[in-house]
Every structure is written in C-alpha cells, then in structure tokens.
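Worksheet: the structure to be examined is printed underneath.
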Amino acid sequence: MISEPSDEVLERVAAQGIPAEGRGLEDVVQEMERDVIGYGYNADHARFMGFVPGPTSAVSWLGDMIAAGYNRHAGSVANYPAGCRAEQTLLRWLCDRAGFPETATGVFTSGGSMANFTAAIAARDAKLAPERWGSAVAYVSEQTHSSAAKGLHMIGVPADHIRVIGVDGGFRMRTDELERVIAADEAAGLSPFLVIATAGTTNTGSVDPLRTIAGICRAHNLWMHVDGAFGASVLLTRFRDMLDGVELADLLSWDAHKWLFQTYSCGMVLVRDARTLLASFSTHPEYLADLEQGASEGEALANPWDLSPELTRPARGLKLWFTLQVMGSEGMAAAVEHGFDLARWAEDELRHTSDAQIVTPAQMAMVNFRFAPEGLSEEELDALNLRVSQRMLESGYAGVFTTELGGKKVLRICAIHPRTSEEEMREVIRRLAAYATEEAAR
C-alpha cells in the first residue's frame, strides 16, 4: 500500500549522480526497480482511498505507451492530423455530455491546475479590457480547490481580490452571500468577472448550486467556470442530474486522470464557444506559417496550440480515446458508478458501527466520518482520528487519510477503484473501528 524508502536507499540514489560514461541498460533497469520506482503511495491499489487521482486502467497505460512511443508533436493538425482529429472528436463528445452548444470545443491539458489557469485567462480576456485587469475580482468558495486561487494569482488577480464565499451545511457555495458580495464590489467600482463553482469538491464531493450561480453570473455579466476535475465524470453516468446547470457554464475543467482512470497526465478544459480560447491563445509567428493549416476561417479543426498556453504538447487525449474505444461509454459509466456503490456501502457499515459519526453522507464516491466515543474532548477526538488513520496506513491494509471539516478532524474515504469489492469496503470500516476502540482505550 505504502512503501517508504530507507535512508540508505535515498543516499544511494543521491550518490549515484550522473555518470560521465553510460552504464549497462540491465543494471540501470534493476536499479530503477530496486531503488526508485516502487516507493510511495500505491494509488492503484483497490484499497487505497486517500486521494482523488487514483486507479489507472491498464488499457489507458497501453494507450499511453503507444502514443508516447510514436512521440508525435500534437500541437498542430499538420504535425499530427489523425491524432488531432481523434482528440477533437473526443472533446466534442465530452462537450455533448456536458450539454454544451455546437460552438463548444476544448483542449487537453496536464491536469486541473492548468485547466483552471487556462480558464482564468480566457475569462479575464473575454470579460475585461486590459485597463480593468488591475481591478479584477473573482469568487470562489471555502471548498474550492487551491489550484483555482493559484491560477488567479498567475494572471495577476491580487489575493485580496479573490473573494472566498462561505458554504452551507452541505459544503456548497452560499449563493445569497455570493450575490451580496458581487453587488458590494460593483458598488465599490471594482470589476467582478468570474465565479468558480465546483462540481465535486475534493473534501466532500459536494456540487455547488450551478444553475443558481449561473443566473447570478448572467445578471451581473460575469462568467461561470465550473471546476469539475473530479465530479464532471458523473456526466457519463445515470447520476448526471447531480450536475444540473453545468450546461450553463462558460468553461468546464475535467480531469481524466481522476475518475476516468487515466495515467498521468490527462486533464481538459471545455469552453462553450471556441472563439474564447482562440482569442486568448492564437498566435501566428512566421516560423509556424507552414504548419498553420486547420485554423483558417471556416475550418472546424483548430490547432491545439491555438487553444491553450502550450505550443509543444503530447497527444494526451489519445489514451482516453483508446480507453473508451475498448471499454465503450457504458463500460466507463459502470466503472464510475461503482464508486457511488462503494461510498454507500461504507456509509451503511458506519451506521451500524458504535461511536461512528457520519459528518457528510455518501455523495459521489466520498464519505466523511469520525469516531467520537463519549468522554473525550474535541482535541482528543482529533488526535484519536488522526491516530486511526496512521494505524491503518501502518498496517498496509488500506490508505485512509484525514481532512478538516467545520474545524474538526475527520476521516475521509474516496473510493473510486472499479475493482474494490463490497466486502473490502466494509472490512476497511471494521478495521478502522477496531483501531478507534483500541486507541480510545489508551
């Protein structure tokens, strides 16, 4: 589950350095296997439930290996015509799943951080004249992923112009507060331009009230970007209605290396109007003139380098295209839906476990809980639940970590592995409960 390298191993890796003369291939491969590649968290394990980026499909690995082996430059249609066509066909299909119009398009990115950064640039350029950039204001919630604030910082939005809106009891953005704060900023002469809503928060799997937020954005002439890095994958399932209102978003980020079981890295940003990304990122230097086919007026297939900050890029989307060709959309949907079952089984087991307190019920593939035996202070309960997580990690049976909700340390399960069984899920809860009983007795 978790393998930590010894000090001796780390010292050996550091001491190896870079040789002046090459070494035998077999020796280097053995050293890689022995000293480097096998250490760390094994997020591919069926009982690793700690992080959202998790299990990888063997089919994705194969598709990634094929794409990497041919090493095509996928920045332009001329460089890689069929590869770009496959990526754009896939992106169009994903836009359809989101309910985006025919004008929509997208581009594959390294992950959610770059997707959110790309979205922030596009929103700023679309909504604000350059002379207004200094007064730009954006809105996030207490549960918004940290990459959103990082992206806003990188485009020059000051920290004190990033408004953090409170959340309700379900850890969703409070729309009443959002509207009040936007109105106050407008009255102060500032330039609100973007609300970043979340479809599947990292802590709880909560979905902000997207339809209501979209209405507020349109009333105040802002854009709505939905960070769906984790939760957008629900759009492929029978639970799609959980993301009601996502079709009204101007931009949507989505990570396939999270709940679509892809190898790193495979994120994407979708936009309801292709001209948005072209306006921000399309450049035409003379040294690329011979490769500018596909981006001309009326051509449906734009060059990917005109849709994002990247010029040189791999064909990140091909492994997802490859995976969906093998699994089919129904097979992928079933794999995602299994995570809902796992979270419900965990919640059911918790409801039959003494001293277990459910903090947020199962939603998507997540459930948050803590063990709260009587007679312990809040500080002692925090320490107890942290120790329960540590005991489980030390045992090697499962990977379960803590987070904080409402000022309390809780245990968080994110169960998205399509091959985790119901019995394994229930046994994880039983073992956690046993550790809690032992630690409380101490």
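Under the working numbering, residues 10 to 451 are what the sequence shown spells out, in order. Where a beta carbon is used, it is the ideal one built from N, C-alpha and C, also for glycine. Just so we're clear, the structure is a prediction, and the values are computed from it rather than from any experiment.
- Listed in chain order, the beta strand (DSSP E) elements of length 3 or more contained wholly in the stretch 66-126 are 114-118.
- In this chain, GLU30 is not harboured by any alpha helix (DSSP H), its DSSP state being neither H nor E.
- According to the DSSP secondary-structure assignment, TYR50 is paired through a beta bridge with ILE11.
- In the three-state reduction of the DSSP assignment, PRO201 falls in the strand class.
- For THR412, the uninterrupted beta strand (DSSP E) segment begins and ends at 410-414.
- In this chain, the beta strand (DSSP E) harbouring VAL173 covers 171-174.
- Fewer than three pairs of CB atoms, one per stretch, sit closer than 8 Å, so the stretch 30-39 makes no contact with the stretch 405-415.
- In the three-state reduction of the DSSP assignment, HIS347 falls in the helix class.
- Sorting ILE11, ASN88 and TYR79 by C-alpha distance to the C-alpha of THR321 places ASN88 at the top.
- Contact check for HIS154 against GLY178 fails: the beta carbons are separated by 8 Å or more.
- GLU188 is the residue among GLU188, MET375 and VAL216 whose C-alpha sits nearest the C-alpha of ALA228.
- One thing to note: GLY72 has its Cβ no nearer than 8 Å to the Cβ of ARG81.
- Shortest Cα-Cα distance from LEU329 to any of GLU388, PRO382 and LEU269 involves LEU269.
- The beta carbons of ARG56 and GLU433 sit closer together than 8 Å.
- Counting every other CB atom within 10 Å of its CB across the protein chains shown gives GLY214 a total of 16 or more, marking it as buried.
- LEU244 carries a helical assignment under DSSP once its states are collapsed to helix, strand and coil.
- For GLY240 against MET373, the beta-carbon gap comes to about 6 Å, under 8 Å, which counts as contact.
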